[in-house]
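Structure first, commentary second.
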Amino acid sequence: ARKGQKAVFALYGIVPDARPDDYHLIRREVLALVGRINASFPGAVVFEEHSELSFEQRLVLWRVTDVLLCSSVREGLNLLPFEYLLAREHFPGGPGAIVVS
1 ARKGQKAVFA LYGIVPDARP DDYHLIRREV LALVGRINAS FPGAVVFEEH
51 SELSFEQRLV LWRVTDVLLC SSVREGLNLL PFEYLLAREH FPGGPGAIVV
101 S
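Start counting the sequence shown at 1; every next residue gets the next number (the UniProt record's numbering).
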């Protein structure tokens, strides 16, 4: 968190290859929410959009986050929560928390 803040919400959006209509609708909703939250709490939400995150990039991300919120829409088995758990298994900061919906 930045000085004076208790938490920062880092939102990483992975651009899907399929379902472009759903993607554009959800992207607009997410950007509107990010704007509203940042208007009230400047810098509280960091939003980045990627076509993909490499395994190495994900490991770095898992090590600096305390919570993984995974809310994929219309997806089968998502392995990211397992990856997060394994990356933090022996981490001095603790195992972290996973929220899957």
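The C-beta atom is built at its ideal place from N, Cα and C for all residues, glycine as well.
CB of residue i within 7 Å of CB of residue j, strictly
i     : j     : result
Val45 : Val30 : no
Phe47 : Leu11 : yes
Glu49 : Gly13 : yes
Ser51 : Ser71 : no
Per-residue burial, residue i [other beta carbons within 10 Å of its own, 16 or more giving buried]
i     : result
Ala87 : buried
Leu77 : exposed
Range of the contiguous beta strand (DSSP E) that encloses residue i
i     : result
Gly96 : Premise fails: Gly96 is in no beta strand (DSSP E) and is neither H nor E.
Val67 : Val67 to Cys70
Leu33 : Run containing Leu33: none in the beta strand (DSSP E); it sits in the alpha helix (DSSP H), Pro20 to Ser40.
Leu11 : Phe9 to Ile14
Glu48 : Val45 to His50
Boundaries (first-last residue) of the alpha helix (DSSP H) holding residue i
i     : result
His90 : Premise fails: His90 is in no alpha helix (DSSP H) and is neither H nor E.
Phe55 : Phe55 to Val64
7 Å CB neighbourhood of residue i in its chain, flanking five on each side removed
i     : result
Val67 : Gly96, Ala97 and Val99
Phe55 : none
Phe91 : Arg63
6 Å Cβ shell around residue i - same chain, five flanking residues per side excluded
i     : result
Leu69 : Val99
Val60 : none
Pro16 : Tyr23
Arg19 : none
Rounded distance between the beta-carbons of residue j and residue i, thought under 8 Å
i     : j     : result
Arg63 : Glu83 : 12 Å between Cβ atoms; not a contact.
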